[in-house]
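Here's the structure, in structure tokens; my notes come after.
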Amino acid sequence: MKVKKILNNNVAIINKGGHDSIIYSSGISFKKSVGQHISEDEIEKTYVLDSKDRLEHLSYLLASSDQKTIELINKLVEYGENFLDKKANDYLYLALLDHITFAWKRGQKNQFIRSPLTWEVKKFYPDYYKIGIYAVQKMRECYKIDFPDDEAVSIALHFVNIQEDKSHLDENIDDIAVLKNILNIIQFQYATTFDESSMNYMRLVTHLQYFIERLRRKKLYGDNDVTLYETVIKLYPKAYKTVEKIENYIDKKFHQRLSKDEYTYLMIHINRVTERKDREK
């Protein structure tokens, strides 16, 4: 293998088998020159990307990053691979380097972003969220900045990319958005905010997760208990109006209408999670 280009003291581009790859080798700029041979045992990390654009983007980021940031990224990916017992693709290095470099710049200005998906990511991806929390702890140690736990959410979602089935990943992320939109419809209709630590909220979210899964499989519940449906409408008319709004959203998103049984269960869960606050008004 020959060194094709030196990016900084520790990073270079090599040509291996007619293809360009990026390597990390401590002090390579002092040890090698362009055109010189470099062996595998001299390389600490090789980044192989599947497109020229990604290779150029990662090259730029690595060239402008300091050693502690690159070492942090390598450490986080290694930790995530061991924790999940899965091999990460090298695109993860690019995504994390991009994200953490920007987070560091924001942190220096005391500018932090609050994530609206914290609870949902904890629920859908608990293991990935734990990796995110680990990453935030290491970021605090590395940069001496008190990053909020919200940073863990974005990092967790980057690690979700380790999943081999990208279509499944995209679907899960889309499901989080659908869940969030349904919760927003309920909160808007009741002019309230949820107590996310309450048991009724957790039950509602769990019901909605299975509800979204049924929508995906096009296997909604039927019209098996019309009497209960009519009774619940009379008991909880506001919840019924709210489910109508949800159905309008679902129809646009999934092109499906809701059965009477789906209406019934949604009305019951919505009433439970909003009942106390509604009485207080």
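If you count the sequence shown from 1, position 197 lands on 197 in the UniProt record's numbering, and the numbers rise without skipping.
We treat Cβ as the ideally placed atom computed from N, Cα and C, and that holds for glycine.
These figures come from a predicted structure and were not determined experimentally.
Under the three-state DSSP convention, the category residue i falls into
i: Ile38; result: coil
i: Val273; result: helix
i: Gly13; result: According to the sequence as given, residue 13 is Ile; it is not Gly. Residue state, collapsed to three classes: strand.
i: Lys218; result: coil
i: Ile182; result: helix
i: Ile73; result: helix
i: Lys86; result: coil
i: Lys32; result: coil
i: Tyr60; result: helix
i: Glu196; result: coil
i: Asn172; result: helix
i: Gly27; result: coil
i: Asp225; result: coil
i: Arg140; result: helix
i: Asp127; result: helix
i: Asp66; result: coil
i: residue 310; result: For the chain, the structure presents residues 1 to 281; residue 310 sits outside this window and is missing.
i: Ala191; result: coil
Beta strand (DSSP E) segment containing residue i, residue limits
i: Asp20; result: 19 to 24
i: Thr46; result: 45 to 47
i: Ile145; result: From DSSP, Ile145 is part of no beta strand (DSSP E); its letter is neither H nor E.
Residues near residue i in its chain [Cβ-Cβ closer than 7 Å; skip 5 each side]
i: Ile212; result: Asp175, Val178, Leu179
i: Asp251; result: Arg257
i: Lys260; result: Asp223, Val226, Tyr229
i: Lys245; result: Ile185, Gln189
i: Gly17; result: none
i: Leu263; result: In the sequence on display, residue 263 carries Tyr and not Leu. Same-chain partners within the cutoff: Tyr229, Val243.
i: Lys87; result: Glu81
i: Cys142; result: Lys68, Leu72
i: Glu280; result: Since pLDDT at Glu280 reaches only 44, below the 50 mark, its modelled position is unreliable, and the value read off the structure follows with that caveat. Within the same chain, Glu280 has no close Cβ partners at all.
i: Glu196; result: Trp119
i: Ser59; result: Leu7, Ile13, Ile22
i: Ala239; result: Met267, Ile270, Asn271
i: Leu208; result: Leu179, Ile182
Same chain, Cβ closer than 8 Å to residue i, five either side skipped, listed in chain order
i: His99; result: Ser154, Ile155, His158
i: Lys2; result: Ile14, Asn15, Gly35, Gln36, His37, Ile38
i: Phe112; result: Arg106, Phe147, Pro148, Asp150, Glu151
i: Arg272; result: Asn200, Arg203, Leu204
Limits of the unbroken alpha helix (DSSP H) element including residue i
i: Lys105; result: 91 to 108
i: Lys2; result: Where Lys2 is concerned, there is no enclosing alpha helix (DSSP H), although the beta strand (DSSP E) it sits in stretches over 2 to 6.
i: Ala156; result: 151 to 160
i: Phe124; result: 118 to 124
Same chain, Cβ closer than 6 Å to residue i, neighbours up to 5 away in sequence not counted
i: Phe194; result: Tyr201
i: Leu96; result: Ile73, His158
i: Ala135; result: Leu76, Ile155
i: residue 284; result: In the structure displayed, the chain extends from 1 to 281; residue 284 sits before or after that span and is not available.
i: Glu247; result: Leu258
### Message
Give the list of continuous alpha helix (DSSP H) stretches no shorter than 4 residues that lie fully inside the segment 231 to 267.
### Response
237 to 254
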